[in-house]
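Residue numbers (our numbering): 3 to 393. One structure is given here, and the rest of the page talks about it.
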Amino acid sequence: MRTTVGIIGAGPAGLLLARLLHNAGIDSVVLESRDRAYVERRQRAGILEQGTADVLRAAGAGERMDREGLRHDGIELRFDRTRHRVDFPGLTGGRSVMVYAQTEVCKDLIALQLREGGPLLFEAEALAVEDAGTDTPRVRFRHEGREDVLECSYVVGCDGFWGVARKAIPAGLTQVFERTYPFGWLGILADVPPSHDELVYARHDRGFALLSMRSPAVSRLYLQVPEGTDPGAWADEEIWDELERRFETADDWYLQRGPITQKSVTPMRSFVHEPMRHGRLFLAGDAAHIVPPTGAKGLNLAAGDVVTFARALVHRQETGSPELLDAYSQTCLRRVWQAERFSYDMTTLLHRAPGATPFEDRLQLARLERIASSRAAETDLAEAYTGFPFG
Ligand code: RFL
Ligand code: PHB
């Protein structure tokens, strides 16, 4: 098997990349280790920056998003039983975000790829990337019980944090920056209309809580829990009781309960692998970097990486110049580190670390009050949340 771009992984990064390349007339093959149903059901991100939504639209993958997605013009910060709304368009010159789940983005891109694009193989597990430093990189993979080789001009590792692509970059050329947090998120899906029309990020002495949504009828909620928590250890009513405590306000707002249909725990981590390129192997999305979900940046970073790669490859094909491909890692990392910074800031602003001192608690409240009372501080948050322009 031979192709121009071998793509490992059919998460948002791999699927969007395949679409962008198809639209530019460049052929690709996508290898995905899981089956289609698994990829389409995996609960993850919910927020698209305006730039990500624009890219999906321009790629011809925005039709259902524009019909069913919810445009959000702000978020609420909740602390000390008070509520503060951050008005995105008013602070950023008109920018907003879109609530449209990662599951739906993936479904739309898979349908398009299978209808119009190049091969997308499910249950095709990449085993290794070979000869990444040469002009003829190869992906060894297993599909339908057989081992095979995909010969490529370029390989893009979009295979997430646990993938194999990153391992093909020699350790001696690599620097890893990492931080783990001593807590995770217990996330639930519930068949109940969201109790607020925008996302609510709550800081509470008992820990962080987030109210999000998947549709006008389905809520997505998260609770900060100790690292390593077993989701089964939390009874449904205990979850609602705890959410109610952490979202409590001084006014008459209340949290509506409903049947919980899914429950899981996500660890929290910051991680950056530098460089994001070795020879003709490029890393994109979670394969190269992880952010804690508090800033809603992971999927948006993945989109930024593959847009950068697609532009660079088109430039190479049109002009013969490798300049943009050579700059890929540097270009992506600038944006990545801004997202790392913002996600870290949001995480430390809103979560209660085990053993936090009263001094640290007061500082958190002072940071929140600063955002609530200074247009400059609030604008900084609004600009980062809605996303910096692509490229
Ligand atoms: P993915 O989605 O992990 O996809 C990688 C794909 O590669 C496949 N794979 C392989 N395929 C072939 N061979 C191999 N050897 C392979 N190894 C792995 C996997 O099966 C998979 O299909 O990475 P990608 O495409 O880079 O996308 C990244 C995003 O998924 C991730 O950053 C976001 O979900 C993060 N995230 C959020 N991001 C946002 O922008 N906004 C949010 O609101 C947001 N909320 C979240 C999140 C992530 C969360 N979790 C569960 C970590 C909320 C949560 C709870
Ligand atoms: C989600 O809806 O899953 C979501 C929203 C905002 C975040 C993280 C997750 O910051």
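Even for Gly, the Cβ is constructed at its ideal location relative to N, Cα and C.
May I have the straight-line CA-CA distance separating Thr136 from Glu34, to the nearest angstrom? So the two alpha carbons sit approximately 24 angstroms from each other.
What distance in whole Å lies between the Cβ atoms of Leu301 and Gln104, which are believed to be in contact at a cut-off of 8 angstroms? Here Gln104 really is in contact with Leu301; their C-beta atoms are around 6 angstroms apart, less than 8 angstroms.
Return helix, strand or coil for Cys108, following the three-state DSSP convention. Helix at Cys108.
Beta carbon of Arg248: closer than 7 angstroms to some heavy atom of the ligand PHB? Not so, every heavy atom of the ligand PHB lies at least 7 angstroms from the Cβ.
Sorry if obvious, but does the Cβ on Ile241 come closer than 7 angstroms to a heavy atom of the ligand PHB? Not so, every heavy atom of the ligand PHB lies at least 7 angstroms from the Cβ.
What does Met215 pair with, by DSSP beta-bridge criteria? Listed as beta-bridge partners of Met215 by DSSP are Ser221.
Going by other Cβ atoms of all chains shown within 10 Å of its Cβ, with 16 needed for buried, is Thr333 buried or exposed? So Thr333 counts as buried.
Does the structure place the stretch 227-245 close enough to the stretch 61-79 that three or more beta carbon pairs sit under 8 angstroms? The stretch 61-79 makes no contact with the stretch 227-245, as fewer than three CB pairs between them are under 8 angstroms.
Sorry if obvious, but does the Cβ on Glu149 come closer than 7 angstroms to a heavy atom of the ligand RFL? The answer is no for Glu149.
Please confirm whether any heavy atom of the ligand PHB lies closer than 7 angstroms to the CB of Ile262. The answer is no for Ile262.
Pick out whichever of Gly71, Gly53, Ala128, Gln115 has its Cα sitting closest to the Cα of Arg97. Arg97 has its Cα closest to that of Gly53, out of Gly71, Gly53, Ala128, Gln115.
For Thr310, count the other beta carbons within 10 Å of its own beta carbon; 16 or more makes it buried, fewer makes it exposed. Which is it? Its Cβ being crowded by 16 or more others within 10 Å, Thr310 is buried.
Using 8 angstroms for Cβ pairs, my map puts Leu223 next to Ala192. What's the rounded Cβ distance? Their Cβ separation, rounded to whole angstroms, is 7 angstroms, which keeps Leu223 and Ala192 in contact under 8 angstroms.
Less than 7 angstroms between C-beta atoms, sequence neighbours within five positions excluded: which residues of the same chain meet that for Ala63? Contacts found: Arg21, Asp110, Leu111, Leu114.
Ser272 and Arg364 look like a contact to me (Cβ under 8 angstroms); what is the Cβ gap, rounded to whole Å? With 8 angstroms as the limit, Ser272 and Arg364 do not qualify as a contact, their Cβ atoms being about 25 angstroms apart.
One or two residues paired with Ile292 in a DSSP bridge: The partner list for Ile292 (beta bridge, DSSP) reads Phe273.
Please state the DSSP three-state secondary structure of Phe361. The answer is helix: DSSP assigns Phe361 an H, G or I state.
For the ligand PHB, is there any heavy atom lying closer than 7 angstroms to the beta carbon of Ala47? Yes, the beta carbon of Ala47 sits closer than 7 angstroms to at least one heavy atom of the ligand PHB.
Considering only C-alpha positions, which residue in the set Tyr40, Ala384, Leu175, Gly16 is nearest to His275? Closest option to His275, Cα to Cα, is Leu175.
Enumerate in chain order the residues of its own chain whose CB-to-CB distance from Arg208 is below 8 angstroms, with the five nearest sequence positions on each side excluded. Glu244, Arg247, Arg248, Arg354, listed in sequence order.
In terms of residue numbering, what span does the beta strand (DSSP E) encompassing Glu34 cover? Looking at the DSSP string, Glu34 is not in any beta strand (DSSP E), and its letter there is neither H nor E.
When the Cα atoms are used, what is the spatial distance from Pro172 to Arg337? Cα to Cα, Pro172 sits roughly 24 angstroms from Arg337.
So, Arg4 versus Glu118, is the Cβ gap smaller than 8 angstroms? The Cβ-Cβ distance between Arg4 and Glu118 does not fall below 8 angstroms.
What does DSSP give as the partner residues of Gln366 in its beta bridges? Answer is none; Gln366 lacks a bridge partner.
What residue range is occupied by the uninterrupted alpha helix (DSSP H) comprising Pro40? Note on residue identity: the sequence assigns Tyr, not Pro, to residue 40. Judged by DSSP secondary structure, Tyr40 falls within the alpha helix (DSSP H) whose first and last residues are 38-43.
Would you call the stretch 376-391 and the stretch 324-332 in contact, with 3 or more CB pairs under 8 angstroms? Taking 8 angstroms as the limit for Cβ pairs, the verdict is that the stretch 324-332 does not touch the stretch 376-391.
Quick one: any contact between the stretch 185-201 and the stretch 24-40, if contact means 3 or more CB pairs under 8 angstroms? Counting Cβ pairs under 8 angstroms, fewer than three are found: no touch.
Can you give me the C-alpha to C-alpha distance between Gly120 and Gly71, rounded to a whole angstrom? CA-to-CA, the gap between Gly120 and Gly71 works out to about 27 angstroms.
Just to check my reading of the structure: Val202 and Arg46 have Cβ atoms closer than 8 angstroms, yes? What is that Cβ distance to the nearest angstrom? No, Val202 and Arg46 are not in contact; Cβ-Cβ is about 19 angstroms, not under 8 angstroms.
By alpha-carbon positions, which one of Gly297, Ala12, Val107, Glu78 ends up nearest to Tyr346? Taking only the C-alpha atoms, the option nearest Tyr346 is Gly297.
Is the separation between the beta-carbon of Gly76 and that of Arg87 shorter than 8 angstroms? Result yes, Cβ atoms of Gly76 and Arg87 sit closer than 8 angstroms.
Am I right that Ala26 and Ala314 are in contact with their C-beta atoms under 8 angstroms? What's the rounded C-beta distance? At roughly 11 angstroms, the Cβ-Cβ gap does not stay under 8 angstroms, so Ala26 and Ala314 are not in contact.
What residue from Ala61, Pro269, Val101, Ala134 has the CA that sits closest to Glu229's CA? Of the listed residues, the one whose Cα sits closest to Glu229 is Pro269.
Entirely within the stretch 74-121 and at least 4 residues each: give me those alpha helix (DSSP H) ranges in chain order. Inside the stretch 74-121, DSSP marks whole alpha helix (DSSP H) runs of 4 or more residues at positions 90-94, 104-118, from first to last along the chain.
Closer than 7 angstroms: Pro233 CB and nearest the ligand PHB heavy atom: It does not: the Cβ of Pro233 is nowhere closer than 7 angstroms to a heavy atom of the ligand PHB.
Would you mind sorting Lys299 into buried or exposed? The rule is 16 or more other CB atoms within 10 Å of its CB. With 16 or more other Cβ atoms inside 10 Å of its own Cβ, Lys299 counts as buried.
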